[in-house]
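*Asks:*
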Amino acid sequence: MFDKILIANRGEIALRVLRAAKELGIATVAVHSTADAEAMHVRLADESVCIGPPVARESYLNMPALIAACEITGADAVHPGYGFLSENARFADMLAAHNITFIGPKAEHIRIMGDKIEAKRTARRLGIPCVPGSDGGVTQDAEALRIARDIGFPVIIKAAAGGGGRGMKVARGEDDIVVALQTARTEAKAAFGDDAVYIEKYLEKPRHIEIQVLGDGKGHAIHLGERDCSLQRRHQKVWEEGPSPALNASMRAEIGDVCAKAMQELQYIGAGTIEFLYEDGKFYFIEMNTRIQVEHPVTEMITGIDLVNEQIRIAAGAELSIKQSDIVLEGHAIECRVNAEHPSTFRPSPGRIQSFHTPGGLGVRVDSAAYQGYVIPPHYDSLVGKLIVHGRTRNECLMRLRRSLDEFVVDGIDTTLPLFRKLVRNQDIQNGQYDIHWLEKFLAAGGMD
Ligand code: MV4
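Take 17 as the starting number for the sequence shown in my numbering and just add one per residue.
#1: Can you look up Ser365 in the DSSP assignment and give me helix, strand or coil?
#2: Determine, using beta-carbon pairs with one atom in the segment 161 to 178 and one in the segment 213 to 222, whether at least three such pairs fall under 8 Å.
#3: Would you grab the beta carbon distance between Ser49 and Val58 for me? Rounded to a whole angstrom, and I think it's under 8 Å.
#4: Put Lys221 into one of helix, strand or coil per three-state DSSP.
#5: With which residues is Val94 paired in a DSSP beta bridge?
#6: Cβ atoms of Ala237 and Ile144: under 9 Å apart, would you say?
#7: Within 8 Å: the Cβ of Val154 and any heavy atom of the ligand MV4?
#8: Check whether the Cβ of Tyr294 sits closer than 8 Å to any heavy atom of the ligand MV4, and report yes or no.
#9: May I have the straight-line CA-CA distance separating Asn305 from Gly27, to the nearest angstrom?
#10: Under the rule that 16 or more other beta-carbon atoms within 10 Å means buried, what is Pro96, buried or exposed?
#11: Here's the rule: buried if 16 or more other CB atoms are within 10 angstroms of the residue's CB, otherwise exposed. What is Gly233?
#12: For Ser420, is the classification buried or exposed, using 16 other Cβ atoms within 10 angstroms of its Cβ as the cut-off for buried?
#13: So, with DSSP's three-state summary, where would you put Asp383?
#14: Based on the DSSP secondary-structure assignment, which residues constitute the bridge partners of Ala522?
#15: Could you tell me which whole alpha helix (DSSP H) segments of length 4 or greater appear in the segment 287 to 365?
#16: Who are the Cβ neighbours of Gly181 in its own chain at under 6 Å, not counting the five residues just before and after it?
#17: In whole angstroms, what is the alpha-carbon distance linking Phe18 and Glu74?
#18: Does the distance from the CB of Ile392 to the CB of Ala356 come in under 9 Å?
#19: Three Cβ pairs or more, each shorter than 8 Å: is that satisfied between the segment 144 to 164 and the segment 189 to 207?
#20: Between the segment 293 to 304 and the segment 88 to 106, are three or more C-beta pairs nearer than 8 Å?
#21: State buried or exposed for Tyr387, treating a residue as buried only when at least 16 other CB atoms are found within 10 Å of its CB.
#22: From what residue to what residue does the alpha helix (DSSP H) around Val426 run?
#23: Using the Cβ count rule (16 or more neighbours within 10 Å means buried), how would you classify Gln443?
#24: Would you kindly work out how many angstroms separate the C-alpha atoms of Ala135 and Ile128, rounded to a whole number?
#25: Would you call the segment 313 to 320 and the segment 329 to 337 touching, i.e. three or more CB-CB distances under 8 Å?
#26: Using a threshold of 9 Å, state whether the C-beta atoms of Ile350 and Ile290 are closer than that.
#27: Which whole-angstrom value is the C-beta distance of Gly286 and Gly231, which I expect to be below 8 Å?
Here it is in structure tokens:
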């Protein structure tokens with residue numbers, strides 16, 4: 017096992033990793049920018065190193081500074097958390113070259129999944145169902161038109177280097193395809209320095225359902241059920257829950273087994289998420305994330321499995337501590353991302369938290385690095401904390417969530433708490449009847465006015 021882990025992140029996920037490391041008896045090193053000197057992850061770590069100025073490019077994304085911090089402190093492994101360098105294959109390679117373990121998958125698998133064309137080709141080869149579309153990249157108008165006619169309109173053109181919703185263009189008919197292809201390629205080149213794009217059938221009203229997987233690269237891989245992340249605004253997840261209100265046990269077992277077998281075949285190492293669009297009873301692969309995700313506590317609450325503990329143990333060479341038959345999904349969990357943003361305009365609201373009181377009680381978990389008097393810096397994402405609530409049934413979970421949201425106090429800044437207090441009382445949400453466009457429509461219709 018590792019002696020000392022360096023956590024290349026900040027905020028609630030740095031605390032989450034710290035806690036897992038402490039339970040394993042592993043010493044921790046926090047890194048921080050000058051803006052984060054007073055941050056909770058710095059206070060709770062055994063040691064800390066300042067790695068640069070507030071701007072992330074020069075601190076949390078600064079690979080040489082992170083390697084130097086490992087060498088100064090003698091850390092033998094790095095946990096990247098989510099965001100920042102968590103899906104950077106060059107960082108994984110660089111750590112390996114310095115004999116430091118990257119707590120995550122092989123660089124090769126990060127690289128494949130980072131290229132959305134390669135990811136889809138790999139998924140298809142592994143027997144994962146994909147959205148109908150081009151076999152690889154598309155460059156020519158005639159080729160795009162032929163594929164679009166073949167799969168039928170509407171189609172969507174996506175950047176190979178994109179993901180998370182950046183650089184997508186929908187073409188509703190033959191007249192749109194040339195402009196959509198050109199615009200997508202130009203935007204992809206400008207945003208990612210790579211103009212490779214591919215075409216898919218555009219699904220009009222899908223849900224976003226993702227399967228959590230764990231592999232040990234030693235012949236074992238399992239799935240831990242799904243999370244429904246359909247409630248998003250501008251490709252930012254707002255509310256995640258598991259199990260999905262749209263699935264039954266046999267559909268879950270079927271797609272879960274496909275994913276687990278695929279990860280076993282790939283010899284995937286660590287935690288991963290396979291993202292699908294789900295429409296009319298069918299799953300369509302879109303992307304795979306090779307990191308721990310923000311919403312991982314939903315899965316932890318319904319399985320009882322500590323995903324970060326598994327990540328660390330697997331990276332240290334251990335086998336999976338659980339087999340598929342040990343995974344029993346119990347009850348229901350919902351996560352609300354409480355952001356420092358205005359609840360209807362979503363304008364960022366950094367500043368000093370005057371008063372901070374988190375809810376508690378049975379089935380209630382708050383993952384946050386905030387505290388009374390903490391000043392949220394303007395340089396990073398606006399997550400203040402995650403409220404995760406568990407119940408034996410979805411209804412019990414909703415009841416407990418309603419009560420928890422009413423207990424939660426964050427004064428001094430705007431937060432998205434009022435949005436969640438509305439959502440948890442909404443009839444469609446209570447019925448579990450929503451797709452990927454539901455939240456934007458709710459907001460556009462004045463749901464928060
Ligand atoms: C799609 C789609 C419809 N059809 N692909 C957006 C984020 C990126 N990960 C994939 N995205 C989409 N891909 C096909 N073939 C609709 C979206 C999409 C979306 C997906 C998940 C959650 C919210 C979304 C909001 C708008 C569009």
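All C-beta atoms, glycine included, are put in the ideal place defined by N, C-alpha and C.
*Replies:* Let me lay it out:
#1: Here residue 365 refers to the residue found at position 349 when the sequence shown is read from its first residue. Coil at Ser365, not helix or strand.
#2: yes
#3: Mapped onto the sequence shown, residue 49 falls at position 33. Mapped onto the sequence shown, residue 58 falls at position 42. The pair is not a contact, with the Cβ atoms about 10 Å apart (cut-off 8 Å).
#4: Looking up residue 221 in the sequence shown gives position 205. Here Lys221 sits in coil by DSSP.
#5: Reading the sequence shown from its first residue, position 78 is the one you call residue 94. Answer is Leu22, Phe118.
#6: Counting from 1 along the sequence shown, the entry for residue 144 is found at position 128. Counting from 1 along the sequence shown, the entry for residue 237 is found at position 221. Their beta carbons are not under 9 Å apart, which means Ile144 does not touch Ala237 by this criterion.
#7: Residue numbering aside, residue 154 sits at position 138 when the sequence shown is read from its first letter. No.
#8: Within the sequence shown, the letter at position 278 stands for residue 294. No, the beta carbon of Tyr294 sits no closer than 8 Å to any heavy atom of the ligand MV4.
#9: If you number the sequence shown from 1, residue 305 lands on position 289. If you number the sequence shown from 1, residue 27 lands on position 11. In a straight line, the C-alpha of Asn305 is about 20 Å away from that of Gly27.
#10: Along the sequence shown, read from residue 1 onward, the residue named residue 96 stands at position 80. Under this definition Pro96 is a buried residue.
#11: Position 217 of the sequence shown, counted from the start, is the residue given in the question as residue 233. Buried, since its Cβ has 16 or more Cβ neighbours within 10 Å.
#12: For the purposes of this step, residue 420 is identified with residue 404 of the sequence shown, where counting begins at 1. Counting Cβ neighbours within 10 Å, Ser420 comes out buried, since at least 16 surround it.
#13: Residue 383 sits at position 367 when you count from the first residue of the sequence shown. If DSSP states are grouped into helix, strand and coil, Asp383 belongs with the strands.
#14: The requested residue 522 does not occur in the structure, where the chain is confined to residues 17 to 465.
#15: 312 to 319, 323 to 331
#16: Mapped onto the sequence shown, residue 181 falls at position 165. For Gly181, where only same-chain residues beyond five positions count, the Cβ hits under 6 Å are His251.
#17: Along the sequence shown, one-based indexing puts residue 18 at 2. Along the sequence shown, one-based indexing puts residue 74 at 58. Near 27 Å, if we compare the C-alpha coordinates of Glu74 and Phe18.
#18: Residue 392 sits at position 376 when you count from the first residue of the sequence shown. Residue 356 sits at position 340 when you count from the first residue of the sequence shown. Yes.
#19: yes
#20: no
#21: The sequence position of residue 387 within the sequence shown is 371, counting from 1. It counts as exposed.
#22: Stepping through the sequence shown from its first residue, residue 426 is reached at position 410. Taken as a continuous stretch (DSSP letters only), Val426 belongs to no alpha helix (DSSP H), being part of the beta strand (DSSP E) at 425 to 427.
#23: Looking up residue 443 in the sequence shown gives position 427. It is exposed - the Cβ of Gln443 has fewer than 16 other Cβ atoms within 10 Å.
#24: The residue given as residue 135 occupies position 119 in the sequence shown. The residue given as residue 128 occupies position 112 in the sequence shown. Looking at the two C-alpha atoms, the distance is approximately 5 Å.
#25: no
#26: On the sequence shown, residue 350 is found 334 positions in, with the first residue counted as 1. On the sequence shown, residue 290 is found 274 positions in, with the first residue counted as 1. No, the Cβ-Cβ distance between Ile350 and Ile290 is not below 9 Å.
#27: What you label residue 286 is simply residue 270 of the sequence shown in a count that begins at 1. What you label residue 231 is simply residue 215 of the sequence shown in a count that begins at 1. Going by Cβ atoms, the distance from Gly286 to Gly231 rounds to 7 Å, so yes, they are a contact pair.
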